[in-house]
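Peer 1: Following this message is one structure expressed as structure tokens.
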Amino acid sequence: MQFATWNVNSLRVRLPHVKDWLAGNPVDVLALQETKLPDADFPREEIEGLGMAVAFSGQRTYNGVALLSRAPIEDVVAGIPGFDDEQKRVLAGTVGGVRVIDVYVPNGQSVGSEKYEYKLRWLAALRDYVAAESTQHAHLVVLGDYNIAPEDRDVHDPKAWEGSVHVSTPERAALRALLDTGLVDCFRQFDQPEKSYSWWDYRMMAFRRNAGLRIDLILANTPLAEKCGGCHIDKAPRKLERPSDHAPVVAAFDI
DNA sequence: ATGGCTAACATGGTTAGA
Numbered sequence: 010m011q012f013a014t015w016n017v018n019s020l021r022v023r024l025p026h027v028k029d030w031l032a033g034n035p036v037d038v039l040a041l042q043e044t045k046l047p048d049a050d051f052p053r054e055e056i057e058g059l060g061m062a063v064a065f066s067g068q069r070t071y072n073g074v075a076l077l078s079r080a081p082i083e084d085v086v087a088g089i090p091g092f093d094d095e096q097k098r099v100l101a102g103t104v105g106g107v108r109v110i111d112v113y114v115p116n117g118q119s120v121g122s123e124k125y126e127y128k129l130r131w132l133a134a135l136r137d138y139v140a141a142e143s144t145q146h147a148h149l150v151v152l153g154d155y156n157i158a159p160e161d162r163d164v165h166d167p168k169a170w171e172g173s174v175h176v177s178t179p180e181r182a183a184l185r186a187l188l189d190t191g192l193v194d195c196f197r198q199f200d201q202p203e204k205s206y207s208w209w210d211y212r213m214m215a216f217r218r219n220a221g222l223r224i225d226l227i228l229a230n231t232p233l234a235e236k237c238g239g240c241h242i243d244k245a246p247r248k249l250e251r252p253s254d255h256a257p258v259v260a261a262f263d264i
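Residues 10 to 264, numbered by the numbering used here, are exactly what the first sequence covers, in order.
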């Protein structure tokens with residue numbers, strides 16, 4: 010099975026890219042973030058027309074997550090149970106016996122801001138949720154836009170980013186706490202090209218300069234991670250006209 | 001240099017992203 014994650018930065022704008030990408034990359038499950046669509050406007054027929062099942066939790070303008078799957082999606086749960094949040098950032102479902110949790114971690118704006126505090130509270134709630142899900146499911150994958158670069162090698166210019174949002178010590182500690190529930194960063198299980206990133210700013214020709222961050226992650230619990238045969242970032246869609254600022258990340262599992 | 005682009009909502013300029 011192949012799982013992929015992609016922050017599309019508006020599914021309305023990016024639907025053609027998503028359809029083209031799926032045609033060339035027939036993954037089993039694609040988790041989307043920043044659909045920016047209320048559920049009533051979700052292009053359900055377009056996705057189902059590709060022969061895929063779909064689940065979504067969205068809102069207008071901001072956030073929004075969706076799961077696209079070749080096989081049926083069971084036991085769909087939106088949000089973090091017990092964590093009161095207006096923002097549509099989490100969607101879980103079971104596909105082929107694997108529990109899949111699609112996450113769009115808050116941006117955090119700047120260290121010390123109200124949004125930063127929300128990001129840390131949100132990550133603590135996610136950790137507890139994932140810990141609970143781990144006890145219920147043999148195979149678990151938590152994938153999405155984490156808005157945290159795990160290590161300095163995931164940052165194009167660590168000096169310039171030092172201490173700022175996406176790399177700050179509390180954020181990295183929160184990601185570590187999430188991993189410590191028993192998850193593995195699939196990408197780092199394999200040799201990878203140096204300077205591998207999944208997001209590049211639209212400004213300053215950042216993509217051309219490869220001035221990016223690796224903030225889109227596929228985390229699998231240990232039993233599933235042991236079956237991971239590869240993980241890569243697909244930069245191709247970032248080169249298209251009117252791209253998302255994020256690239257898809259794909260992981261393959263021998264299950 | 002704290003901007004630079006892009007998208008949404010709106011229909012000019014603000015908010016947000018990362």
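Idealized CB from N, CA, C, for every residue including glycine. Predicted model, so just to flag it, every value in this text is computed and none were measured.
Keeping to the same chain, check which residues put their C-beta closer than 6 Å to that of Ile56; ignore five residues upstream and five downstream.
Peer 2: Taken in chain order, the residues that qualify are Val63 and Leu77.
Peer 1: Helix, strand or coil for Leu24 per DSSP?
Peer 2: In this structure, Leu24 counts as helix in the three-state DSSP scheme.
Peer 1: So what's Ala260 in DSSP terms, helix, strand or just coil?
Peer 2: Reduced to three states, the DSSP call for Ala260 is strand.
Peer 1: Who are the Cβ neighbours of Glu18 in its own chain at under 8 Å, not counting the five residues just before and after it?
Peer 2: According to the sequence provided, residue 18 is Asn. The question's Glu does not apply to it. So the list reads Glu43, Lys45, Ser253, Asp254 and His255, once near-sequence residues are dropped.
Peer 1: Indicate the three-state DSSP secondary structure (helix, strand or coil) for Asp210 in the structure shown.
Peer 2: In this structure, Asp210 counts as coil in the three-state DSSP scheme.
Peer 1: Shortest alpha-carbon distance to Val259 belongs to which of Phe216, Val150 and Gly191?
Peer 2: Cα-wise, what sits closest to Val259 is Val150.
Peer 1: Taking 6 Å as the limit between beta carbons, can you name the residues of its chain near Arg98, skipping five residues before and five after?
Peer 2: If we look at Arg98 and ignore the five residues flanking it on each side, its Cβ neighbours are Asn72 and Tyr113.
Peer 1: Compare the C-alpha of Asp93 against each of Asp194, Leu135, Leu187 and His175 and name the closest.
Peer 2: For Asp93, the nearest C-alpha among the options comes from Leu135.
Peer 1: Can you grab the Cα-Cα spacing for the pair Gly238 / Arg162, in whole Å?
Peer 2: Cα to Cα, Gly238 sits roughly 22 Å from Arg162.
Peer 1: Could you check which residue in Gly91, Val38 and Ser66 has the C-alpha nearest to that of Pro81?
Peer 2: Of Gly91, Val38 and Ser66, the residue nearest in Cα terms is Val38.
Peer 1: Just grab the DSSP bridge partners of Glu83 for me.
Peer 2: DSSP lists Thr103 as partners of Glu83.
Peer 1: For the segment 51-81, which segments carrying the beta strand (DSSP E) assignment without a break, of at least 3 residues, lie completely within its bounds, in sequence order?
Peer 2: List check, beta strand (DSSP E) in window: 62-66 and 74-78.
Peer 1: Can you tell me where the beta strand (DSSP E) holding Leu187 begins and where it ends?
Peer 2: Leu187 -> not in any beta strand (DSSP E); alpha helix (DSSP H) instead, spanning Thr178 to Leu188.
Peer 1: Report yes if the C-beta distance between Val176 and Gly117 is below 8 Å; otherwise report no.
Peer 2: Contact: no.
Peer 1: Measuring straight from C-alpha to C-alpha, what distance separates Glu126 and Pro159?
Peer 2: Glu126 and Pro159: Cα-Cα distance of roughly 19 Å.
Peer 1: To the nearest angstrom, report how far apart Gly33 and Leu226 are at their CA atoms.
Peer 2: So the two alpha carbons sit approximately 21 Å from each other.
Peer 1: DSSP three-state call for Phe196: helix, strand or coil?
Peer 2: Of the three classes helix, strand and coil, the one that applies to Phe196 here is helix, per DSSP.
Peer 1: Please work out which residues of its chain come closer than 6 Å, Cβ to Cβ, to Asp154, disregarding the five sequence neighbours upstream and downstream, and give them in chain order.
Peer 2: The answer, listed in chain order, is Asn16, Gln42, Tyr113 and Asp225.
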